[in-house]
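Peer 1:
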Amino acid sequence: MPAISIRPSDRVFVLTGAGISAESGLPTFRAEDGLWAGFRIEDVCTPDAWRRDPAAVWAFYSARRAQGSKANPNPAHIALADLEAQLSGRYLLCTQNVDDLHERAGSRNLIHMHGELAKSRCERECGRPPIEDHAIYANIDEVARCACGGRMCPHIVFFGEIPLEMRRIEREIAKSTLMIVIGTSGNVYPAAGFVHRARQSGARTVYIGPEAPLNASAFTHIVEGKAGEVLPTLFQVAQ
Ligand code: NAD
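The sequence shown lines up with residues 15 to 253 when you count with our numbering.
This is the structure we're talking about:
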């Protein structure tokens, strides 16, 4: 694949999904068995699941924290941090991932639209901000209460909830001239619709992953391959 040239006038918006962390050993969401790490999403990743069985939700996300802390950024995360360093101020990374591998690779201008594993928030949305929390809870009784009395829950946007920072994301997409999407199946909205917005404003749109996503027709270029193998040599930045 010839390099993707990035011009001095380009503004770059990157969207990543579970696939970029696959080579770090973290399972994707739509694995062949349709489960995420052996669980049905509706049992652990919905507001209903939280109301029904908060202990099961915490058991799932505690296991994700334990797994995430053992994983390391792979060459794809590092290639994006390097790209940001070359494009200062003309680059935004929006991830659907809740792991912290992008920041550990050095990415700074970063939005976690679906939340962060390493934080917890009040279940009552009482207005207090999420807090950093790396704990692995063996028992629901260990989970702290917020000052308002609500139970703390993982800082995760459950399916059916509105993702974080959508206004800022929309503004950034409208300004971008190049959208790069990596390792996401094009199943989960609103993220799967970002490429359509970028096309409406005339941006080039590139997808990178081992197979074409469901929204493939909206991309101007598709690069088939694993992110960790493709990304380190994909970008050519003109100064
Ligand atoms: P998905 O599981 O639906 O799709 C993963 C995509 O990654 C697939 O299209 C697959 O072809 C591709 N892929 C697999 N290996 C790859 C590789 N080496 N390089 C590049 N691409 C590769 O993921 P999604 O679309 O991101 O949706 C899943 C949802 O679940 C997200 O909203 C996310 O919040 C959550 N999730 C997060 C993590 C994480 O934080 N690491 C992991 C699983 C799920």
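Don't be surprised by glycine CBs; every beta carbon is placed ideally from N, CA and C.
How big is the Cα-Cα spacing for GLY174 and GLY207?
Peer 2: Position 160 of the sequence shown, counting from 1, holds the residue named residue 174. Position 193 of the sequence shown, counting from 1, holds the residue named residue 207. Cα to Cα, the separation comes out at about 16 angstroms.
Peer 1: Just to confirm before moving on: does the CB-CB distance between HIS116 and LEU106 stay below 7 angstroms?
Peer 2: Position 102 of the sequence shown, counted from the start, is the residue given in the question as residue 116. Position 92 of the sequence shown, counted from the start, is the residue given in the question as residue 106. No; because the gap between Cβ atoms is not below 7 angstroms, this pair is not in contact.
Peer 1: Rounding to the nearest angstrom, what Cα-Cα distance links PHE74 and CYS108 in this structure?
Peer 2: Here residue 74 refers to the residue found at position 60 when the sequence shown is read from its first residue. Here residue 108 refers to the residue found at position 94 when the sequence shown is read from its first residue. Each residue's Cα considered, the two are about 24 angstroms apart.
Peer 1: Give the straight-line distance between the Cα atoms of LYS189 and ARG25, rounded to the nearest whole angstrom.
Peer 2: Taking the first residue of the sequence shown as position 1, residue 189 is located at position 175. Taking the first residue of the sequence shown as position 1, residue 25 is located at position 11. Answer to the nearest angstrom: the Cα atoms are 7 angstroms apart.
Peer 1: Between ASP113 and the ligand NAD, is the CB less than 6 angstroms from at least one heavy atom?
Peer 2: The residue you call residue 113 lines up with position 99 of the sequence shown. Within the cutoff, so yes.
Peer 1: Can the beta-carbon of LYS240 be found less than 7 angstroms from the beta-carbon of PRO227?
Peer 2: The residue labelled residue 240 in the question sits at position 226 within the sequence shown. The residue labelled residue 227 in the question sits at position 213 within the sequence shown. Their beta carbons are not under 7 angstroms apart, which means LYS240 does not touch PRO227 by this criterion.
Peer 1: Helix, strand or coil: which one does DSSP assign to LEU245?
Peer 2: By one-based count along the sequence shown, residue 245 stands at place 231. Looking at LEU245 - three-state DSSP - the assignment turns out to be helix.
Peer 1: In whole angstroms, give me the CA-to-CA distance for CYS59 and VAL209.
Peer 2: Counting from 1 along the sequence shown, the entry for residue 59 is found at position 45. Counting from 1 along the sequence shown, the entry for residue 209 is found at position 195. Distance between the alpha carbons of CYS59 and VAL209 is about 25 angstroms.
Peer 1: So what's ILE183 in DSSP terms, helix, strand or just coil?
Peer 2: Counting from one through the sequence shown, the residue named residue 183 turns up at place 169. DSSP places ILE183 in helix when its eight states are reduced to three.
Peer 1: Measure from the alpha carbon of TRP72 to the alpha carbon of each residue in GLU137, LEU40, ARG181, SER102, then state which is nearest.
Peer 2: For this step, residue 72 is matched to residue 58 along the sequence shown. Selected option, being the one with the closest Cα: GLU137.
Peer 1: Write down the C-beta distance between GLY242 and ALA32 rounded to the nearest angstrom, noting that I regard them as a contact closer than 8 angstroms.
Peer 2: Walking along the sequence shown from the start, residue 242 turns up at place 228. Walking along the sequence shown from the start, residue 32 turns up at place 18. With 8 angstroms as the limit, GLY242 and ALA32 do not qualify as a contact, their Cβ atoms being about 14 angstroms apart.
Peer 1: Can you find at least 3 beta carbon pairs, one from the region 74 to 92 and one from the region 35 to 42, that sit closer than 8 angstroms?
Peer 2: yes
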